[in-house]
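For the protein sequence lines, the chains are A and U, in the order given.
For the first sequence, our numbering gives the first residue as 550, with consecutive numbering after it.
For the second sequence, our numbering gives the first residue as 815, with consecutive numbering after it.
These notes concern the structure reproduced below.
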Amino acid sequence: MFEALSDRFEGVLGRLRGKGRLTEADVDEALREIRLALLEADVNFGVVKGFVARVRERCLGEELSKALNPGQQVVKIVNEELTATLGGETIRITYSAKPPTVVLMAGLQGSGKTTNSAKLARWFKSQGRHPLLVGADLQRPAAVEQLRTLGRQIEVPVFSEATDPVQVAANGIAEARKSGRDVVIVDTAGRLAIDAELMDEVRRISEAVDPDYTFLVIDAMTGQDAVSTAEAFHQTLALDGVILTKLDGDARGGAALSVKEVVGRPIAFASTGEKLRDFDLFHPDRLAGRILGMGDVLTLIEKAEEVFEKEEAEEAAARLMEGRFTFDDFLDQMQQLKKMGPLSGILGMMPGVPKEVRNAEIDDREIARIEAMIRSMTPAERVDPDLIDQSRRVRIARGSGTEPTQVGELVKQFKEVSKMMKRMGGMGSKRLAKSRRKAAKAKGKGKGPGGRTAGGRVAPKGKAPLRLPDLGAGGLGAPGGVPKLGKGGLPDLRDLGLGDDLPGR
Amino acid sequence: MALLIVLIVALVVLVGTGIGLVASRRHRTAVLEPPPTAPRVPPEVIEEVRAEREAAEEAELTEVPAVEELEREEVEAVIAEAEAAVAEAAPVEEIVKPRFRDRLTKARTALAGAFGAIGGRKIDDETWDDLEEALIRADVGVAATQELLDHLRGRVKAEGISDGEALLDALKSELKQRLAGYDRDLHLSLEAGPTVWLFVGVNGVGKTTTIGKLGARESRDGLKVVMAAGDTFRAAAAEQLGMWAERAGAELVRGSEGGDPSAVIFDAVEAASARGADLVLADTAGRLHTKVNLMDELRKVRRVADKGAGTVTEVLLVLDATTGQNGLVQAQQFTEAVELTGVVLTKLDGSAKGGIVVAIHAQLGIPVKLVGLGEGADDLVPFDPDEFVEALFA
């Protein structure tokens, strides 16, 4: 979603980077493009104006004239200002000492309050809490019905009654106390910020339930109006944060940038898909990294951690390094991967993925096709792909509804990739031993393994940042092309201290 | 395919080696976090409370069926209430038919004044900046704004426009010109069998509500309307449409939750034909235009809707007025998939101005046909370009 924005930034800043001397005109030219990129991404007009003015002032001030490499300096200033604008830390939910902890959901019609109330309830449940959903949207036909259905899906009780919204909300809290629920999420009707009557109603709901957290639900596709809406709700309700929805589209999320800057409240949660599990805490610091094309490894690993079986994944990685990776393992891992959501999303979080690959249209059905092919192989073939000759290829193709050439390609690429991994596995083992010694030392000093910064981002230790295999040109588009797993590929994981738990010790 | 294999392998490595890191970090934070300040209560009391709570939770679980039964009644109560509200509100609405501007003034007065200043000034750089800001803040978009202003600069020179008032008028006429000359009627099929109007769009834009309002309008105008609950994905979407159908005096055809939307809509068209209905309003589940499989599903819905006794004459994109630049991409993707005949711009009664439809007209040639101005059954009105343009600067 933020990819388009990051591409524009890369382009503009790339041109500056090489320059030895910068004139005021150079800076203005670059800023003009940055301004356009931000506006096209729906960043609020006022926010853009302020951002550009700050960058310009700093660029043309002292800082630049002293700098050794002015181009670099501009990049740095833009990065810093962008991080400051996006800014903020991940919200920390603390629970009321006197349960229940009350969360109030507010927003415009159609922003996704009901769905996200359920998603939030599921999140609280995963944190070991016992949420109660309260349906105070008595306006939209069947809104309560929708909440009940969602509640059943996540096994969270739903309270509602056909009285009036303020009453329902207040009784909901009483109900939670009675039944020992420690978190209450109050879903309210969608309302326009300019509708005085309904804004008054939501204020009365808020007074009745005295929420610990008030979240404004905002659609990522919202345009310039996001800021005025957020301001109006903030005035009435004193928001604690924003829940950003529909981030799985291709909207550039400028609203996200703007609300933080204008209202001063962070994005607390983000919803990234239609499934109820596609929802999590939002990490503004990581977002800055993504916009600047630095990937988001932490989120990736956390997501993976949720769905992959740890032991299994470790073992698979071990077998991969030792060259014993079979189609069965591959199939297993693929199943897990599917649970992580759409591939394009995963790709977006990987660092060092070239733009062309990131933007490539990935058809998730391709996974199904590969799965079908593997499932059409005999157990013996899955272990030893060399067995697969022409007649077996034809059989597999027939069984999976594909072409024999596709089967051939899959087998060929699978073999080459696993061969490469084996080679790297061998290469890595020496370095592994070394890094383990290093890690042990670091631990002795009371630090975690490897270099981790306070911000929680993985910091490259002097070496190239964590890089994926070079998925670059040639490897992908051309049929039969083998992806280059260049040097500086996966073994670098160990330089980051990631190798601490590397199997094969 | 190569990409996939590498991706999976890379992930396996990343996960196999990375989980340890995160796990150990979790462990650390767990240690660092202060222990919850638990009240000092004797263990036996805690035990007692826990037992009580468990009992309560169990009771709750067994209670669920009972609650479900209650639900029906509750839903019916809501319907009754809503009906009462409609009945109450209806006479008033009859007298004061909402018009574009009536509804908009409420939203605009709060914001007016910001650009009123342009009027009485000489034209200078600041005037142009203000115009640009006004257009961009209305979500017209950077490209469309620049194109408009470039054109305007030419006109200012050629016509010798020198004061702000005339400049603003010239800009308005430029905009109106770009919105003029479109067919904004909703067409009925001339062939035998029911007419089908299909509603598409991303999640939460107001498709179901739009169908409800339009159904009410068309049946009041004497058409026999069938509503097809093609949103089989969102929880209770069919119930929501059902309530509208009841209010509008239309029939509802629905399938099972999670069922095939094409089948539901096909059945609805057949049912409409059998009962001699004139118009089928077909709802679809909200979908992001980036989801390949969901867009394929929509293509199928569009094909199948035409297969039976009915004829599809309108495919309408429902677009939320608060949508920013993404609206253009949405229109582009949806029209590629199902050939849109028009746009319904909803929620224009808020502070958002829906400027993105200017670009949708100019670049894709898809006209806005209807505008949603509120939650009442009568708040769906034909699009009026002149009033829309005036409202952009109000």
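Yeah, the Cβ is synthetic: ideal placement off N, Cα and C, and Gly gets one too.
First and last residue of the uninterrupted alpha helix (DSSP H) at residue i
i	result
residue 923 of chain A	914-924
residue 797 of chain A	No alpha helix (DSSP H) contains residue 797 of chain A, which DSSP labels as neither H nor E.
residue 657 of chain A	Looking at the DSSP string, residue 657 of chain A is not in any alpha helix (DSSP H), and its letter there is neither H nor E.
residue 745 of chain A	745-758
residue 699 of chain A	692-703
residue 1057 of chain U	1051-1062
residue 649 of chain A	Where residue 649 of chain A is concerned, there is no enclosing alpha helix (DSSP H), given that its DSSP letter is neither H nor E.
residue 1128 of chain U	Unbroken run through residue 1128 of chain U is the beta strand (DSSP E), 1125-1134; no alpha helix (DSSP H).
residue 881 of chain A	876-888
7 angstroms Cβ shell around residue i - same chain, five flanking residues per side excluded
i	result
residue 1020 of chain U	1132, 1134, 1160, 1161, 1186
residue 1214 of chain U	Nothing can be reported for residue 1214 of chain U, as the shown portion of chain U is limited to 815 through 1208.
residue 1112 of chain U	1014, 1098, 1101, 1151, 1152
residue 700 of chain A	667, 682, 706, 707
residue 964 of chain A	934
Whole-angstrom C-beta distance between residue j and residue i, which should lie under 8 angstroms
i	j	result
residue 1115 of chain U	residue 1098 of chain U	6 angstroms
residue 687 of chain A	residue 666 of chain A	So it is not a contact: roughly 14 angstroms between Cβ atoms.
residue 737 of chain A	residue 751 of chain A	6 angstroms
residue 692 of chain A	residue 1057 of chain U	No, residue 692 of chain A and residue 1057 of chain U are not in contact; Cβ-Cβ is about 10 angstroms, not under 8 angstroms.
Residue range of the beta strand (DSSP E) that includes residue i
i	result
residue 829 of chain A	828-830
residue 767 of chain A	762-768
residue 963 of chain U	Counting along the chain, residue 963 of chain U falls outside any beta strand (DSSP E), though it belongs to the alpha helix (DSSP H) covering 956-973.
residue 1068 of chain U	1065-1068
residue 1183 of chain U	1182-1186
residue 1009 of chain U	1009-1014
residue 599 of chain A	No beta strand (DSSP E) holds residue 599 of chain A; the alpha helix (DSSP H) holding it covers 594-609.
residue 1039 of chain U	1039-1043
Neighbourhood of residue i by C-beta distance below 8 angstroms, restricted to the same chain and skipping five residues each side
i	result
residue 741 of chain A	657, 658, 747
residue 811 of chain A	593, 595, 596, 776, 779, 780
residue 965 of chain U	988
residue 1089 of chain U	1038, 1040, 1065
residue 773 of chain U	The structure shown does not extend to residue 773 of chain U, since chain U is modelled only from 815 through 1208, so no value can be given for it.
Exposure of residue i, with buried meaning 16 or more beta-carbon neighbours within 10 Å
i	result
residue 929 of chain A	exposed
residue 820 of chain A	buried
residue 723 of chain A	exposed
residue 1028 of chain U	buried
residue 783 of chain A	buried
residue 936 of chain U	exposed
residue 1083 of chain U	buried
residue 655 of chain A	buried
residue 1188 of chain U	buried
residue 943 of chain A	exposed
residue 647 of chain A	exposed
residue 1155 of chain U	buried
residue 709 of chain A	buried
residue 633 of chain A	exposed
residue 888 of chain A	exposed
residue 809 of chain A	buried
residue 938 of chain A	exposed
Cβ shell of residue i (< 6 angstroms), same chain only, five flanking positions each side left out
i	result
residue 996 of chain U	1181
residue 1023 of chain U	none
residue 1065 of chain U	1040
residue 1068 of chain U	1043, 1052
residue 946 of chain A	952, 953, 956
residue 932 of chain A	875
residue 1091 of chain U	1008, 1038, 1040
residue 945 of chain U	none
residue 1047 of chain U	1099
residue 1062 of chain U	1029, 1030, 1033
residue 662 of chain A	654, 656, 736, 766
residue 639 of chain A	830, 832
Where residue i meets chain D, residues with beta-carbon distance less than 8 angstroms
i	result
residue 670 of chain A	Absent from the structure is chain D; the protein chains it does hold are A and U.
Would you be able to state if there are at least three C-beta pairs under 8 angstroms between the stretch 1196-1206 of chain U and the stretch 1032-1042 of chain U?
They do not touch, by the three-pair rule.
Closer than 8 angstroms is the cut-off here; do at least three beta carbon pairs connect the stretch 676-687 of chain A with the stretch 718-733 of chain A?
Touching, per the Cβ criterion.
Touching by the beta-carbon criterion (3+ pairs, under 8 angstroms), the stretch 983-1003 of chain U and the stretch 1191-1199 of chain U
Flag = yes, the stretch 983-1003 of chain U and the stretch 1191-1199 of chain U touch.
Three-pair Cβ contact test at 8 angstroms for the stretch 764-783 of chain A versus the stretch 705-717 of chain A:
Touching, no, given that fewer than three Cβ pairs across the two stretches are closer than 8 angstroms.
Mind the definition here: the stretch 972-981 of chain U touches the stretch 1001-1013 of chain U only if three or more C-beta pairs lie below 8 angstroms; say whether that holds.
As far as the Cβ criterion goes, the stretch 972-981 of chain U does not touch the stretch 1001-1013 of chain U, which means the pair count is below three.
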